[in-house]
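As structure tokens, the structure follows; a few thoughts come after it.
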Amino acid sequence: MGHIEINKGEWGIFSDIQYVKTKENKAVLSVPLEVSTKVNLSNLGVYYRAYEQFPEGNGLIIEPTLGVNYTDLEGNLAALGRQISVEKNWLEYFGGTRVRYNSNSPWNLAAQYTYGTEQTQIAQAYLGYRQKILSAPVNFRVGYRYVSQDYKNASFKWDTVQQGPILGIGFGF
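So the sequence shown is numbered by UniProt numbering: it starts at 1 and just counts up by one.
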């Protein structure tokens with residue numbers, strides 16, 4: 001997963017890219033099976049700093065977000081010398097909010113929630129620690145990310161949840 005963010009004043013843009021590739025070999029009734037998937041969930045969004053408790057970015061900050069999610073899926077099932085493949089992709093708009101709390105100490109908190117028009121939900125929360133390294137601001141983060149998708153189109157259904165701990169590092173320029 002990767003995240004990039006650029007801001008100027010009260011406005012900013014961000015993008016997340018999450019790519020997951022899996023492959024599993026099993027035998028069912030002594031018949032060898034191979035199942036593989038590729039999932040790309042990417043987004044591009046814009047935010048506006050609607051509330052800032054104190055100047056210079058300290059205290060509580062609230063930033064509504066709007067953007068678009070892109071999901072690209074590929075699934076393969078192979079058995080008895082035959083293979084079945086399914087591919088699907090879609091775009092969906094999302095809205096949400098980001099909330100941050102920066103204290104005068106190096107510690108900070110951040111959370112974000114977005115909900116898409118095709119029922120993609122992304123929630124994440126982080127505890128961060130800011131430090132200057134070679135005069136550049138660096139923010140080390142540890143947190144938790146939850147992604148839920150429930151997409152239906154004709155005979156296709158994608159209903160999945162991905163969740164777990166996340167580590168990150170952010171650099172300021």
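We put the CB at the ideal spot given by N, CA and C, even for glycine.
Computed from a predicted model, the values in this text were never measured in an experiment.
C-alpha distance - residue i paired with residue j, whole-angstrom precision
i, j, result
"residue 108", "residue 50", "19 Å"
"residue 148", "residue 171", "28 Å"
"residue 85", "residue 28", "19 Å"
"residue 63", "residue 12", "10 Å"
"residue 163", "residue 55", "35 Å"
"residue 19", "residue 48", "27 Å"
"residue 39", "residue 150", "14 Å"
"residue 153", "residue 167", "34 Å"
"residue 128", "residue 116", "27 Å"
"residue 35", "residue 160", "16 Å"
"residue 123", "residue 81", "41 Å"
"residue 2", "residue 16", "6 Å"
Extent of the continuous beta strand (DSSP E) to which residue i belongs
i, result
"residue 56", "Residue 56 -> no beta strand (DSSP E), and no H or E assigned at all."
"residue 119", "Counting along the chain, residue 119 falls outside any beta strand (DSSP E), and DSSP gives it neither H nor E."
"residue 173", "Where residue 173 is concerned, there is no enclosing beta strand (DSSP E), given that its DSSP letter is neither H nor E."
"residue 41", "31-48"
"residue 106", "No beta strand (DSSP E) contains residue 106, which DSSP labels as neither H nor E."
"residue 2", "2-8"
"residue 135", "Per DSSP, residue 135 belongs to no beta strand (DSSP E) and is neither H nor E."
Proximity below 7 Å, CB of residue i to CB of residue j
i, j, result
"residue 146", "residue 165", "no"
"residue 96", "residue 120", "no"
"residue 156", "residue 88", "yes"
"residue 136", "residue 126", "no"
"residue 102", "residue 58", "yes"
"residue 46", "residue 77", "no"
Whole-Å CB distance - residue i paired with residue j, under 8 Å assumed
i, j, result
"residue 44", "residue 68", "6 Å"
"residue 74", "residue 22", "Residue 74 to residue 22, Cβ: 11 Å. No contact."
"residue 33", "residue 79", "5 Å"
"residue 112", "residue 98", "5 Å"
is_contact[residue i, chain D] using C-beta, thresh 7 Å
i, result
"residue 164", "In the displayed structure, chain D is absent; only one protein chain is listed."
| request: Count the C-beta pairs between the segment 84-94 and the segment 53-72 that are closer than 8 Å, then say yes if the count reaches three, no if not. | output: yes
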